[in-house]
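**Q**
In the numbering used here, the protein residues as written are 2 to 280.
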């Protein structure tokens, strides 16, 4: 016990390590009692059969004041706009979008828990800025209020206004206009390209059937629609070098992925992420 008190005193006020040390000493004492009982054959001592000693790897432990771990927890809270502010007017080339509600059910009607509901990437434009100046020309925002749009996944600043979630983002973060519920009908904006992803290979070159987990993510697809092109130095549009119907090879980790109504995979990316045209 003198040794125990000395070690405890050396740990200071770290209650977590002290509790671990107490458990270790308790395990040693129980083991000693069990050994003594088996040596003298007495039945008055309790049996500790099946007791497993506590194993602690102190090398991987990093003590802190608060032992609760929040590693991997990411919280992106929306900025709440006070009720006294009745309107939000975007500036420059920014756009205010009212975010579409997340799907609460699957196509088959199964109710989804909040954790399984996918974050929406679309909504309705409710306000636009005055545009921007490129060269000597004034360029207006290319979307109008009331338009249904799709935007990049991690774009903009989320706002809580008038009881609804909104997103304040730059016009360039809007990937396209979508007037239906099917992504294949998307009208890309600026330098964006809508591509229908080719189906992954079902078998290897040797004829082995691949599982879903081992299928390689394809980076080839067919162009469905293209945007009007990026702005040049004078504010005019530069046509894209790819056109609808082309089969292209694109950068593997670029763009925003979507699932079509027919189950097909689509991706929207910038024309600069298209690396080659295949024929």
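Even for Gly, the Cβ is constructed at its ideal location relative to N, Cα and C.
State the Cα-Cα distance for the pair residue 31 and residue 201, rounded to the nearest angstrom.
**A** Position 30 of the chain shown, counted from the first residue, corresponds to residue 31. Position 200 of the chain shown, counted from the first residue, corresponds to residue 201. Roughly 60 angstroms separates the two Cα atoms.
**Q** Quick check on this structure: which residue in 231, 150 and 196 has the alpha carbon closest to the alpha carbon of residue 266?
**A** Counting from 1 along the chain shown, the entry for residue 266 is found at position 265. Nearest of 231, 150 and 196 to residue 266, Cα basis: 196.
**Q** Identify the continuous beta strand (DSSP E) that holds residue 128 and give its terminal residues.
**A** Locating residue 128 in the chain shown gives position 127, where the first residue counts as 1. Run containing residue 128: 123-129, per the beta strand (DSSP E) assignment.
**Q** Write down the C-beta distance between residue 79 and residue 171 rounded to the nearest angstrom, noting that I regard them as a contact closer than 8 angstroms.
**A** On the chain shown, position 78 is the one that residue 79 refers to. On the chain shown, position 170 is the one that residue 171 refers to. That belief does not hold up - the Cβ atoms of residue 79 and residue 171 are roughly 18 angstroms apart, past 8 angstroms.
**Q** To the nearest angstrom, how far is the alpha carbon of residue 89 from that of residue 151?
**A** For the purposes of this step, residue 89 is taken as residue 88 along the chain shown, with counting starting at 1. For the purposes of this step, residue 151 is taken as residue 150 along the chain shown, with counting starting at 1. Rounded to the nearest angstrom, the two C-alpha atoms are 20 angstroms apart.
**Q** What first and last residue would you give for the beta strand (DSSP E) that runs through residue 248?
**A** The sequence position of residue 248 within the chain shown is 247, counting from 1. Its beta strand (DSSP E) spans residues 248-251.
**Q** Tell me which residue opens and which closes the beta strand (DSSP E) that residue 169 is part of.
**A** Along the chain shown, read from residue 1 onward, the residue named residue 169 stands at position 168. Element bounds for residue 169: 165-171.
**Q** By the DSSP assignment, the beta strand (DSSP E) with residue 198 in it spans what residues?
**A** Position 197 of the chain shown, counted from the first residue, corresponds to residue 198. Here the beta strand (DSSP E) through residue 198 covers 193-198.
**Q** Residue 101 and residue 123: beta carbons closer than 8 angstroms?
**A** Taking the first residue of the chain shown as 1, we reach residue 101 at position 100. Taking the first residue of the chain shown as 1, we reach residue 123 at position 122. Against a cut-off of 8 angstroms, the Cβ pair of residue 123 and residue 101 comes out as a contact.
**Q** Would residue 194 pass as a contact of residue 272 if the rule is Cβ separation under 8 angstroms?
**A** On the chain shown, residue 194 is found 193 positions in, with the first residue counted as 1. On the chain shown, residue 272 is found 271 positions in, with the first residue counted as 1. Cβ distance < 8 angstroms, so residue 194 and residue 272 count as in contact.
**Q** Quick one: residues in its chain with C-beta nearer than 8 angstroms to the C-beta of residue 114, no 5 flanking neighbours on either side, listed in chain order?
**A** Against the chain shown, residue 114 aligns to sequence position 113. Reliability of the predicted coordinates at residue 114 is poor, the pLDDT of 49 falling under 50, and the value obtained from them is presented with this limitation in mind. Closer than 8 angstroms at the Cβ level, and outside the excluded window around residue 114, lies no residue.
**Q** Is the beta carbon of residue 286 less than 8 angstroms from the beta carbon of residue 191?
**A** Look at the range of the chain in this structure, 2 to 280, and you will see that residue 286 is not part of it.
**Q** Can you tell me whether DSSP reads residue 181 as helix, strand or coil?
**A** Within the chain shown, numbered from 1, the residue matching residue 181 stands at position 180. Residue 181 falls in the coil class under three-state DSSP.
**Q** Output the boundary residues of the beta strand (DSSP E) element that contains residue 98.
**A** Translated into the one-based positions of the chain shown, residue 98 becomes position 97. Segment 95-100, the beta strand (DSSP E) holding residue 98.
**Q** Alpha carbon to alpha carbon, how far is residue 98 from residue 252?
**A** The residue labelled residue 98 in the question sits at position 97 within the chain shown. The residue labelled residue 252 in the question sits at position 251 within the chain shown. Approximately 29 angstroms between the Cα atoms of the pair.
**Q** Relative to the C-alpha of residue 149, which candidate in 28, 270, 232 and 177 has its C-alpha closest?
**A** Position 148 of the chain shown, counted from the first residue, corresponds to residue 149. With distances taken between Cα atoms, residue 149 lies closest to 177.
**Q** What is the rounded straight-line gap between the Cα of residue 245 and the Cα of residue 261?
**A** Residue mapping note: residue 245 aligns to position 244 of the chain shown, counting from 1. Residue mapping note: residue 261 aligns to position 260 of the chain shown, counting from 1. Distance between the alpha carbons of residue 245 and residue 261 is about 18 angstroms.
**Q** Does the beta-carbon of residue 84 have 16 or more other beta-carbons within 10 angstroms, so that it is buried, or is it exposed?
**A** Reading the chain shown from its first residue, position 83 is the one you call residue 84. When all chains shown are included, residue 84 counts as exposed.
**Q** So, with DSSP's three-state summary, where would you put residue 274?
**A** Stepping through the chain shown from its first residue, residue 274 is reached at position 273. Residue 274 falls in the helix class under three-state DSSP.
**Q** Please report the distance separating the alpha-carbon of residue 236 from that of residue 91.
**A** Numbered from 1 along the chain shown, position 235 holds the residue referred to as residue 236. Numbered from 1 along the chain shown, position 90 holds the residue referred to as residue 91. Cα-Cα distance, rounded: 21 angstroms.
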